[in-house]
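Residue 149 in this note's numbering sits at position 127 of the sequence shown, with consecutive numbering throughout. For each residue, glycine too, the CB sits at the ideal point set by N, CA and C. In this text the structure is predicted, and so the values were computed from the model without any measurement.
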Amino acid sequence: MQAVLSLYATGRVTGVVLDSGDGVTHAVPIYEGFAMPHSIMRVDIAGRDVTRYLKTLIRKEGFNFRTTAEFEIVRSIKEKLCYLATNPQKEESGETEKISYILPDGKTLEVGQARFRAPEVLFRPDLLGEECEGIHDVLMYAIEKSDMDLRKMLYQNIVLSGGSTLFKGFGDRLLSELRKHSAKDLKIRIAAPQERLYSTWMGGSILASLDTFKKMWISKREYEEEGQRAVHRKTF
C-alpha cells in the first residue's frame, strides 16, 4: 500500500515504485492503482548498509565509531556528504574533493572517496560480502516479472521513494545501470520527486480527498457499534 500511495503522490496510477528506506528496498509494479503481488521484488540492502559500510571506510582513516550514538554520527555524515557516482571507476581514478565534517567533540574528519564508495553498496552488495542483487537488478526483475504488455509503460514510469534514494546522483546512476542492461531503443523515465521522503503521506492525503474514497470512510459511531467488521465491510 505504501508504494501505491507514493505513486499517487506523483499523479500516476500505473508505474513501478522503487522504495529504498533504512532496512529494506522494494520494487513494486502497479497497474491502475493496484500493486501486482506476483511482480514485487525485495532486497535487504538499504540505507543502514550504506551507514555500516561508511563506518568501515572511516575506520581506515583512524576514526572508530562503536556506540549507537556514534553510529548516528556516521548516519549524519552519510546524509550530508555522500553521493552516487555515475561512473565509479572514473571517480576512483580522479581526485575526489575532501569535505570536512566537525565531530561533536570538536575534532575534524576529512571525508574523501568514502563519500561515493559507501553508497555503492546499493548497487554492489558484494562490497559488504552479500550475495544478493543490486537495487537496479531488483527493479528490472520486478518489471520483467510483470505482464509483457505493461513492461514498456513501467520503464517509462519509474518512481523513486524513500530516504535512500535521496543521495545526490542516485537517479542518474540508476538510469545508467538500467541502460546497460536494456535494449537501446527502450525509453526509460525516472521520476524523483523532491518530497519523496514524505510521498507515502502525500499520496494518502490525495487518496483520502477523493470523492470515490468517501464511501470507505468509517465514522466513530460505526466503529463503536461494529468494530473490525465495519472495516472489513467497507474495504473487502
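With 16 as the cutoff for other CB atoms within 10 Å, does Ile124 come out buried or exposed? Taking the sequence shown and counting its residues from 1, the one referred to as residue 124 is at position 102. Ile124 is exposed by the Cβ-count criterion.
For Ala205, does the three-state DSSP call read helix, strand or coil? Taking the sequence shown and counting its residues from 1, the one referred to as residue 205 is at position 183. Reduced to three states, the DSSP call for Ala205 is coil.
Run of the alpha helix (DSSP H) containing Leu161, from where it starts to where it stops: Counting from 1 along the sequence shown, the entry for residue 161 is found at position 139. Residues Ile157 to Glu166.
Spatial distance of Arg81 from Phe87 (CA atoms): For the purposes of this step, residue 81 is identified with residue 59 of the sequence shown, where counting begins at 1. For the purposes of this step, residue 87 is identified with residue 65 of the sequence shown, where counting begins at 1. Each residue's Cα considered, the two are about 7 angstroms apart.
Is the beta carbon of Val72 sitting closer than 7 angstroms to the one on Lys100? For this step, residue 72 is matched to residue 50 along the sequence shown. For this step, residue 100 is matched to residue 78 along the sequence shown. Against a cut-off of 7 angstroms, the Cβ pair of Lys100 and Val72 comes out as a contact.
Candidates Ala214, Glu166, Tyr105 and Lys237, of which the one nearest Thr118 by Cα: The count along the sequence shown starts at 1 and reaches residue 118 at position 96. The candidate whose alpha carbon is nearest that of Thr118 is Tyr105.
Please go through the same chain and pick out, in chain order, the residues whose beta-carbon is closer than 7 angstroms to the beta-carbon of Val65, but skip the five residues on each side of it. For the purposes of this step, residue 65 is taken as the residue at position 43 of the sequence shown. Cβ neighbours of Val65 beyond the five flanking positions: Thr47, Cys154, Glu155, Ile157 and Val160.
Ala213, DSSP secondary structure in three states: Sequence index remark: in the sequence shown, residue 213 carries index 191 (1-based). Strand.
Spatial neighbours of Gln178 within its chain, please: CB distance less than 6 angstroms, with the 5 preceding and 5 following residues excluded, ordered by chain position. In the sequence shown, residue 178 corresponds to position 156, counting from 1. The beta carbon of Gln178 lies closer than 6 angstroms to those of Lys209 and Arg211 in the same chain, with the five residues before and after it left out.
Classify Gly151: buried if its beta carbon has 16 or more other beta carbons within 10 angstroms, exposed otherwise. What you label residue 151 is simply residue 129 of the sequence shown in a count that begins at 1. Classification for Gly151: exposed.
Quick check: Leu182 and Leu40, are their CB atoms within less than 7 angstroms of each other? In the sequence shown, residue 182 corresponds to position 160, counting from 1. In the sequence shown, residue 40 corresponds to position 18, counting from 1. The answer is yes: Cβ separation under 7 angstroms.
Report the three-state DSSP secondary structure of Thr130 (helix, strand or coil). Looking up residue 130 in the sequence shown gives position 108. Thr130: strand per DSSP, three-state reduction.
Return the bridge partner residues of Ala49 from the DSSP annotation. As a first step, residue 49 must be located in the sequence shown, where it is residue number 27. BP columns for Ala49 point to Leu40 and Met63.
Looking at the unbroken beta strand (DSSP E) that takes in Ser122, where does it start and where does it end? Within the sequence shown, numbered from 1, the residue matching residue 122 stands at position 100. First-last of the beta strand (DSSP E) with Ser122: Ile121 to Ile124.
Ignore the nearest five residues each way along the sequence and tell me which others in Gln135's own chain have a CB closer than 6 angstroms to its CB. Position 113 of the sequence shown, counted from the first residue, corresponds to residue 135. Cβ within range, chain order: Thr118.
Do Ala31 and Met224 come within 7 angstroms of each other at the CB atom, strictly closer than that value? If you number the sequence shown from 1, residue 224 lands on position 202. If you number the sequence shown from 1, residue 31 lands on position 9. Yes.
Please list, in chain order, all residues of the same chain as Ala57 whose beta carbon is under 8 angstroms from its beta carbon, the five residues on each side excluded. Indexing the sequence shown from 1 puts residue 57 at position 35. So the list reads Met23, Ala25, Val26, Val50 and Pro51, once near-sequence residues are dropped.
The alpha helix (DSSP H) that contains Ile180, what's its start and end? Indexing the sequence shown from 1 puts residue 180 at position 158. Where Ile180 is concerned, there is no enclosing alpha helix (DSSP H), although the beta strand (DSSP E) it sits in stretches over Ile180 to Ser183.
Contact check, Ser42 vs Ala68, beta carbons under 7 angstroms: Counting from one through the sequence shown, the residue named residue 42 turns up at place 20. Counting from one through the sequence shown, the residue named residue 68 turns up at place 46. Cβ distance < 7 angstroms, so Ser42 and Ala68 count as in contact.
Within 10 angstroms of the Cβ of Leu145, are there 16 or more other Cβ atoms? Answer buried if so, exposed if not. By one-based count along the sequence shown, residue 145 stands at place 123. Here residue 145 is Phe; the residue named in the question, Leu, does not match the sequence. Classification for Phe145: buried.
Inter-residue spacing [alpha-carbon to alpha-carbon] between Lys112 and Arg195: For the purposes of this step, residue 112 is taken as the residue at position 90 of the sequence shown. For the purposes of this step, residue 195 is taken as the residue at position 173 of the sequence shown. The straight-line gap from Cα to Cα measures roughly 13 angstroms.
CA-CA distance, Leu131 and Ile228? Position 109 of the sequence shown holds residue 131. Position 206 of the sequence shown holds residue 228. The alpha-carbon atoms of Leu131 and Ile228 are separated by roughly 43 angstroms.
Whole angstroms is fine: what's the gap from Leu76's alpha carbon to Pro110's? Indexing the sequence shown from 1 puts residue 76 at position 54. Indexing the sequence shown from 1 puts residue 110 at position 88. Cα to Cα, the separation comes out at about 16 angstroms.
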